[in-house]
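Using the numbering used here, the first residue of the sequence shown is number 41, and each one after it goes up by one.
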Amino acid sequence: MAYFEGYDRRIKQIEACLAKYGFSDLDQMAAYVKEKGVDAAKVVREIQPIAFENAVWAYTLGAGIALKKGCKTAAQAAEAIGEGLASKGVDYKLFHMATADRNDVLAYVLQSKGVIIGSPTLNNGLLPTITPILEDLRGLGFKNKVGAAFGSFGWSGECIKEIEAHLERCKIPVVAPGVRAKWQPTGEDLQACRQLGSTTADAILKD
Ligand SMILES: Cc1cc2nc3c(=O)[nH]c(=O)nc-3n(C[C@H](O)[C@H](O)[C@H](O)COP(=O)(O)O)c2cc1C
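The structure is reproduced here in structure tokens:
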């Protein structure tokens, strides 16, 4: 059974939220999230082995709500970028870093001419599921690739600046202006994403 710090103080509020999304308790919500292929507890513990139990449950609840609501914020942006790449005849593959195997991603990047990375802004930085792959890219010292960034934010929006600085550290030149959407991407943001894909495709084809 789910139990975490401050349980008695917090559970009433959490139960009201669970009921809103059709769940009787946190364990039922966790089972639903797992059934959808997301092991939120594992993701949290892999990032921070001494994570507090309430961080594990907060991420499980967040993942459950996102899955119930069918949130596809980042996926929509990534798909629009893909359309831009495809419009120029450049093949692409999307990876969702919360669930992708990093080795599969690296194997694909190895054979690719470009890499476009996205993240929301979290605590003035990037999502913790994105940073390990960025470090892998730097460590492997790939050559002859181009890159670009996209992301969402709520108020300060450091995501693009951070990804672009990292791409530069990896010696991957940034070839298209990063696209930054406030909260959910608008139609205009998605159009800018298509343009980002198309500009990156031009840089790849120029090689
Ligand atoms: C824990 C947390 C920390 C956040 N920190 C920042 C921040 O430092 N700067 C910022 O611009 N947005 C911040 N945000 C807002 C997220 O960037 C925003 O929720 C996200 O880009 C929009 O995606 P969503 O609709 O999935 O939440 C934060 C959000 C959360 C939940």
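The beta-carbon is built from N, C-alpha and C at its ideal position, and this holds for glycine as well.
Expected contact under 8 Å - CB spacing of residue i and residue j to nearest Å
i           : j           : result
residue 39  : residue 233 : Only positions 41 to 247 of the chain appear in the structure, and residue 39 is not among them; the question remains open.
residue 161 : residue 138 : The pair is not a contact, with the Cβ atoms about 16 Å apart (cut-off 8 Å).
residue 121 : residue 193 : About 17 Å separates the two Cβ atoms, so there is no contact after all.
residue 156 : residue 188 : 5 Å
residue 130 : residue 244 : 6 Å
residue 185 : residue 203 : Their Cβ separation, rounded to whole angstroms, is 14 Å, which puts residue 185 and residue 203 out of contact at 8 Å.
residue 229 : residue 215 : Residue 229 to residue 215, Cβ: 19 Å. No contact.
residue 242 : residue 128 : 7 Å
residue 107 : residue 149 : Rounded, the Cβ-Cβ distance is 27 Å, inconsistent with contact.
Residues that residue i bridges to, as DSSP identifies them
i           : result
residue 188 : 156
residue 214 : 187
residue 245 : Bridge partners of residue 245: none, in fact.
residue 166 : 161
residue 193 : 222
Sequence-distant residues of its chain with Cβ nearer than 6 Å to residue i (five each side left out)
i           : result
residue 81  : 96
residue 205 : none
residue 177 : 210
residue 207 : 187, 214
7 Å Cβ shell around residue i - same chain, five flanking residues per side excluded
i           : result
residue 118 : 134, 158
residue 145 : 135, 173
residue 240 : 125, 154, 156, 186, 188, 215, 216
residue 165 : 198, 202
First and last residue of the uninterrupted alpha helix (DSSP H) at residue i
i           : result
residue 120 : 113–127
residue 94  : 93–109
residue 137 : Unbroken run through residue 137: none, as it is neither H nor E.
residue 130 : Counting along the chain, residue 130 falls outside any alpha helix (DSSP H), and DSSP gives it neither H nor E.
residue 171 : 171–180
residue 52  : 47–60
residue 69  : 66–75
residue 205 : 199–209
Terminal residues of the beta strand (DSSP E) in which residue i lies
i           : result
residue 219 : 219–222
Cut-off 8 Å between Cβ atoms - residues of its own chain near residue i, not counting five sequence neighbours on either side
i           : result
residue 222 : 192, 193, 194, 197
residue 57  : 101, 105
residue 99  : 80, 81, 83, 84
residue 43  : 93
residue 116 : 225, 230
residue 78  : 103, 107, 138, 139
residue 151 : none
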